[in-house]
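**Student:** As they're listed, the protein sequences go chains A and B. Count along the first sequence starting at 1, add 2, and that's the number in this note's numbering. Count along the second sequence starting at 1, add 827, and that's the number in this note's numbering. First the structure, which I've put down as structure tokens, then a few questions once you've had a look.
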Amino acid sequence: MSNSRHLWHFHGGLKLPSNKAISTASPVAKALLPKRLIVPVQQHIGEAGQLQVKVGDSVLKGQVLAQASSYVSAPVHAPSSGKIVEIDELPVPHPSGLKALSVVIETDGEDKWIELTPILHPNTKSPAELRQIIRQAGIVGLGGATFPTAVKVNTGPHAEIDTLIINGAECEPSISCDDMLMRNYARDVISGCELIQYIVSARHCLIAIEDNKPEAIAALQEIINEKALHTIEVITIPTVYPTGGEKQLIKVLTQKEVPSDGFPSDIGVLVQNVGTAVAVHKAICLGEPLISRLVTVTGEGVLQPQNMDVLIGTSMSELIEQSGGYHKDAAKLIMGGPMMGFTLQTDHLPVTKACNCLLVENTAEKTPEAMPCIRCGACATVCPAQLLPQQLYWHASSKNFDLVQDYHLFDCIECGCCNHVCPSQIPLVQYYRFAKTEIWNMERDRIKSDHARIRHDFRQERLDREKKERDEKLRKKKELLAKKKQAEAAAKEKDGAPAEVDPKKAAIEAAMKRVKDKKAALKTEKDDAASPTKKSSDEKNTQE
Amino acid sequence: MQFKTASSPHIAQHNSVQSVMYKVLLAMIPGTIAMVMFFGWGVLVNIILASVVALSCEALMLLLRKRPLKPYLFDGSALLTAALLALALPQLAPWWLTLIGTAFAIIVAKHLYGGLGFNPFNPAMVGYVVVIISFPREMTQWVPPLLEDYTLLTFSETLRVIFLGELPLTYGWDAITMATPLDTVKTQLGLELSISEIENHKEYGSMFGSIGGFGWEWVNGLFLASGLYLCIKGIIDWRIPAGLIAALLVLSNLFALYDYASFTPPTFHLFSGGIMLAAFFIATDPVTAATTTKGRWLYGAGIGVFIYIIRTWGSYPDGIAFAVILMNMAAPLLDYYTMPRAFGHRWNEFPHHHMGDKDEE
Chain A
3 MSNSRHLWHF
13 HGGLKLPSNK
23 AISTASPVAK
33 ALLPKRLIVP
43 VQQHIGEAGQ
53 LQVKVGDSVL
63 KGQVLAQASS
73 YVSAPVHAPS
83 SGKIVEIDEL
93 PVPHPSGLKA
103 LSVVIETDGE
113 DKWIELTPIL
123 HPNTKSPAEL
133 RQIIRQAGIV
143 GLGGATFPTA
153 VKVNTGPHAE
163 IDTLIINGAE
173 CEPSISCDDM
183 LMRNYARDVI
193 SGCELIQYIV
203 SARHCLIAIE
213 DNKPEAIAAL
223 QEIINEKALH
233 TIEVITIPTV
243 YPTGGEKQLI
253 KVLTQKEVPS
263 DGFPSDIGVL
273 VQNVGTAVAV
283 HKAICLGEPL
293 ISRLVTVTGE
303 GVLQPQNMDV
313 LIGTSMSELI
323 EQSGGYHKDA
333 AKLIMGGPMM
343 GFTLQTDHLP
353 VTKACNCLLV
363 ENTAEKTPEA
373 MPCIRCGACA
383 TVCPAQLLPQ
393 QLYWHASSKN
403 FDLVQDYHLF
413 DCIECGCCNH
423 VCPSQIPLVQ
433 YYRFAKTEIW
443 NMERDRIKSD
453 HARIRHDFRQ
463 ERLDREKKER
473 DEKLRKKKEL
483 LAKKKQAEAA
493 AKEKDGAPAE
503 VDPKKAAIEA
513 AMKRVKDKKA
523 ALKTEKDDAA
533 SPTKKSSDEK
543 NTQE
Chain B
828 MQFKTASSPH
838 IAQHNSVQSV
848 MYKVLLAMIP
858 GTIAMVMFFG
868 WGVLVNIILA
878 SVVALSCEAL
888 MLLLRKRPLK
898 PYLFDGSALL
908 TAALLALALP
918 QLAPWWLTLI
928 GTAFAIIVAK
938 HLYGGLGFNP
948 FNPAMVGYVV
958 VIISFPREMT
968 QWVPPLLEDY
978 TLLTFSETLR
988 VIFLGELPLT
998 YGWDAITMAT
1008 PLDTVKTQLG
1018 LELSISEIEN
1028 HKEYGSMFGS
1038 IGGFGWEWVN
1048 GLFLASGLYL
1058 CIKGIIDWRI
1068 PAGLIAALLV
1078 LSNLFALYDY
1088 ASFTPPTFHL
1098 FSGGIMLAAF
1108 FIATDPVTAA
1118 TTTKGRWLYG
1128 AGIGVFIYII
1138 RTWGSYPDGI
1148 AFAVILMNMA
1158 APLLDYYTMP
1168 RAFGHRWNEF
1178 PHHHMGDKDE
1188 E
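Given below as structure tokens:
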């Protein structure tokens, strides 16, 4: 547990009351098998999967419901056995209350698995084979980003990963599911670390945990000691929000900064959440796809706060019910933590892979009216991205989207620190989200109009070309006609009478005659025979 | 169950503009008490008068601008402007001087620019500049600090002087007012006296304390102490006063070393006039100051430099108000060119072309 490693600091950050103890007092409870499971087809960043089932099908626990549709995509699996009763657009947990394609399973209570194929000796498999297993298990980043893990651990042939960081910081107040996971499944966490380390061939692996989780630190250290692992280290880091942010955590452990336009792999680092590590362990060593996760159900609005082992697709209302139900003053339901989580309108929503915490707050405090910005700079002092939040606010509120990008709006991680310290109580993060959305929309419109412009340019070019071709044709026709007339005239001169009825024949004859005449004329009447040819070549020159 | 929605973060926070302003006001109390003790009741009368005027003007402007009264009238900003201006005015300034200065500060310098948070210039200093340019004679009615030959007026005598312009029978204006130490040094240096000659002068010598002007050194010391407290508490940014004091120290040291007979010593600079009030309470007004870390250093230092220049070569005895307003003008530019390196960026990435674009337009 000794921590001899030198640590660095990221700029700013906040010391926040952790409020974690209320949900770590009782052991992890296994949520009851629900009667209905609602499984959204898309629970990851990337493209939605392709449905593999239809209404009426019977499915087993772990059976694929939707297959990954492209490289950046992930499958979803049946969390329990039962019958598919509905496939429809249903409400999913989303800040704006969106609906999305979901599969509804009526469980049969048997919870019967598909045939699992655990891999007993993963080190006999190639990293590519293991990546394939991770992909098929539908594993996504469980820290909240839900980016497909198989893509993230495929760092490509050029990026060499020196340090694998396993993120157990869990810096947001109230959330404790990672803490409980590390305490209770320390062996699985370490196994997952070893597997990911093997897959990305990282030289060493650092498990970063905030110093407010001594039990978790001890549990992991014990396994490391027992297995005598030399390349995996538990690092105790100071509790500062948002130290669990990927870029902030990398800075704290390595002093390196991920380039603004780059990825951690650019500086030889890969970060995975502890929950993801356990999911990788389960997928490879047990053959189980990702169908459940730990969820913290907490807040003063819940009577018995706790952590629960929950099947994906379980209704949130059931979890609250099993946690003693709501306090009579419960007023706000938040998915995620109090700093970055978003509020939900209803609890009749399924738990998804991204759902790490359900936080219920009592009587929503009346937020005082925002005062004007007094430019005190408190926001800049706490900004972990080293931005000038008040300038961003200023330009975002005046819709100056060029300047707001000059002030690096897109480096903002929306951690909410600036918002929290603002004496004028300005909802700063809301302004940044607004500006980002506006810029994305403008970008989309720009791409659209670019397409339109390109299409228009092409059309114009085509029209010009066609016109040119038409003109050319016309010119040639005229030329031909002129020649014909000339030839006829010549023939008239020679024969003294008009040519025979067939004009084609006459033309050919005329041409033949002309050639003959030309040959003859070359010797005798040079001037006469040369004039038509010369004329036509002049015409050509002027046209060109 | 249905719930209300809101944007993150969801943790309630308790910092407010009001609490910032009132903390700064509270921190001004010790220095103000010292001023009352040395300069008499006029200090207090000025503060009360300026506060009443400021709040009335604030209310009037809020009504005219159709803004809610409650959050703005009691946010403390108008009171702070009033207090700062009142402390900068002569103790026996006629009531209409205080009224004009304060009203101009609140109505023109603050509200015509958009009110709290939008004024580019420090309102108190704008008010001060208006009265010192318009009424130079009245602005010299400084009370000498508790000297042997001078007696402080009683409270009622003070009121009569300020509101009625009636001097007590036994005194003439010369008996109750005199030039400030800074003013005296400037005048006497102009008369070819050396610093040490002025300090030991039979008439003016008693104006000087051990390090600054007599009385002034106490006032400045107390403003320094409470200012430091505000810095430690993070209520004001320490870089602005640090930059200001550092610049003043460097310049005054350089010139005093060059010619100690004709340039006032550094300690006298720091502990005379309103330096500490300016450094910790006036220059730190966040609305009109630079906001970046480096920008604040430069902003403070710029004020220090201008104060030294105006005190030494300018025609006004103390140049704080002018120095502050000059640097207020520079604040947006300082912010622009001292933008911090954002996380994951290299230095000098900031595209300066937008500035150029505007010039071209």
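All C-beta atoms in this analysis are idealised placements derived from N, C-alpha and C, irrespective of residue type, glycine included. Just so it is clear, the structure is predicted and the values come from calculations on it, not from any experiment.
#1: How should residue 1183/B be labelled, buried or exposed, when 16 other C-beta atoms within 10 angstroms of its C-beta is the threshold for buried?
#2: Can you tell me which residues form a DSSP beta bridge with residue 211/A?
#3: I need the straight-line Cα distance from residue 411/A to residue 1168/B, nearest angstrom please.
#4: According to DSSP, simplified to helix, strand and coil, what is residue 332/A?
#5: Could you tell me the alpha carbon to alpha carbon distance between residue 324/A and residue 60/A, rounded to whole angstroms?
#6: With distances taken from CA atoms, which of 517/A, 389/A, 378/A and 192/A is nearest residue 489/A?
#7: Which residues in chain B sit within 7 Å of residue 347/A, going by Cβ to Cβ distance?
#8: Note down, in chain order, each residue of its chain lying with its Cβ closer than 8 Å to the Cβ of residue 75/A, except the 5 sequence neighbours on either side.
#9: Whole angstroms are fine: how far does the CA of residue 381/A sit from the CA of residue 1065/B?
#10: Who does residue 298/A pair with in a DSSP beta bridge?
#11: If the cut is a Cβ gap below 9 Å, which residues of chain B does residue 423/A touch?
#12: Give me the DSSP bridge partner(s) of residue 344/A.
#13: Report the residues of the region 466 to 495 of chain A with a CB closer than 8 Å to any CB of chain B, ordered along the chain.
#14: What residues from chain A crowd round residue 891/B, counting only those whose CB sits closer than 8 Å?
#15: Within 8 Å, do at least three Cβ pairs link the region 100 to 107 of chain A to the region 132 to 151 of chain A?
#16: Rounded to the nearest angstrom, how far is the Cβ of residue 352/A from that of residue 42/A, given a contact under 8 Å?
#17: Determine, for residue 1168/B, whether the minimum Cβ-Cβ distance to residues of chain D falls below 8 Å.
#18: I'd like to know whether the C-beta atoms of residue 341/A and residue 174/A end up nearer to each other than 8 Å.
#19: Listed in chain order, which residues of the region 324 to 347 of chain A have Cβ atoms closer than 9 Å to some Cβ of chain B?
#20: Cα separation between residue 501/A and residue 479/A?
#21: Name the two residues that bound the continuous alpha helix (DSSP H) containing residue 380/A.
#22: Just to confirm my understanding: we take residue 943/B, look at its own chain, exclude 5 residues before and 5 after, and list those with CB closer than 7 Å. What are they?
#23: Considering only residues of the region 41 to 125 of chain A, which uninterrupted alpha helix (DSSP H) runs meet the minimum length of 4 residues and lie entirely inside it, listed in chain order?
#24: Please state whether the Cβ-Cβ distance between residue 316/A and residue 33/A is less than 8 Å.
#25: With respect to the beta strand (DSSP E) encompassing residue 275/A, which residues constitute its N-terminal and C-terminal limits?
#26: Quick check on the DSSP output: the alpha helix (DSSP H) that includes residue 230/A runs from which residue to which?
#27: Which residues bound the alpha helix (DSSP H) around residue 968/B?
#28: Just to confirm, is the Cβ distance from residue 918/B to residue 869/B under 8 Å?
#29: Could you check whether residue 954/B and residue 928/B sit closer than 8 Å to each other, using their CB atoms as the reference points?
#30: Please work out which residues of its chain come closer than 6 Å, Cβ to Cβ, to residue 1217/B, disregarding the five sequence neighbours upstream and downstream, and give them in chain order.
#31: Out of curiosity, what's the CA-to-CA distance linking residue 117/A and residue 343/A?
#32: Can you name, in chain order, every residue of its own chain whose Cβ lies under 6 Å from the Cβ of residue 1082/B, other than the five neighbours on each side?
#33: If residue 195/A sits next to residue 207/A, beta carbons under 8 Å apart, how far is it from one beta carbon to the other, in whole angstroms?
#34: Can you check which of these residues, 458/A, 336/A, 310/A and 44/A, is closest to residue 68/A by C-alpha distance?
**Tutor:** Concretely, from the data shown:
#1: Note that residue 1183/B has pLDDT 39, beneath the 50 cutoff, so the model's placement of it is unreliable and no number is given.
#2: Bridge partners of residue 211/A: 170/A and 238/A.
#3: Rounded to whole angstroms, residue 411/A to residue 1168/B spans 13 Å at the Cα level.
#4: Strand.
#5: Spanning the two alpha carbons is a distance of roughly 28 Å.
#6: Of the listed residues, the one whose Cα sits closest to residue 489/A is 517/A.
#7: Close partners of residue 347/A in chain B (Cβ separation under 7 Å): 829, 830 and 832.
#8: Annotation for residue 75/A: 46, 48, 49, 50, 51 and 150 place their beta carbon closer than 8 Å to its own, counting only its chain and skipping 5 residues before and after.
#9: Taking the straight line from one Cα to the other gives about 16 Å.
#10: Answer by DSSP bridge pairing, in chain order: 309/A and 359/A.
#11: The contacting residues are 840 and 842.
#12: In DSSP, residue 344/A forms a bridge with 337/A.
#13: Those would be none; no residue qualifies.
#14: Among the residues of chain A, none has a CB under 8 Å from the CB of residue 891/B; the nearest is roughly 17 Å distant.
#15: Contact fails: fewer than three Cβ-Cβ distances are below 8 Å.
#16: About 7 Å separates the beta carbon of residue 352/A from that of residue 42/A, a gap short enough to meet the 8 Å contact definition.
#17: Included in the structure are the protein chains A and B, with no chain D among them.
#18: It is a contact, given that the beta carbons lie within the stated cut-off.
#19: Taken in chain order, the members of the region 324 to 347 of chain A whose beta-carbon sits within less than 9 Å of a beta-carbon on chain B are 328, 332, 333, 334, 335, 336, 338, 339, 340, 341, 342, 343, 344, 345, 346 and 347.
#20: Legend: pLDDT at residue 501/A = 47, less than 50; position of this residue unreliable, no value from coordinates given.
#21: Start and end: 380 to 384.
#22: Only 899, 902 and 904 meet the Cβ criterion.
#23: Within the region 41 to 125 of chain A, no complete alpha helix (DSSP H) run reaches 4 residues.
#24: Yes, these two residues count as a Cβ contact at 8 Å.
#25: Unbroken beta strand (DSSP E) run through residue 275/A: 271 to 275.
#26: Where residue 230/A is concerned, there is no enclosing alpha helix (DSSP H), given that its DSSP letter is neither H nor E.
#27: Careful: residue 968/B lies outside any alpha helix (DSSP H) and carries neither H nor E.
#28: Yes.
#29: Contact flag set, yes.
#30: Since the first residue shown for chain B is 828 and the last is 1188, residue 1217/B is missing from the structure and cannot be characterised.
#31: C-alpha separation (whole angstroms): 37 Å.
#32: Excluding five sequence positions before and after residue 1082/B, the CB atoms of its chain that fall closer than 6 Å to its own CB belong to 1090, given in chain order.
#33: Contact flag correct, Cβ pair sits at about 5 Å.
#34: Taking residue 68/A as reference, the option from 458/A, 336/A, 310/A and 44/A with the minimal CA-CA separation is 44/A.
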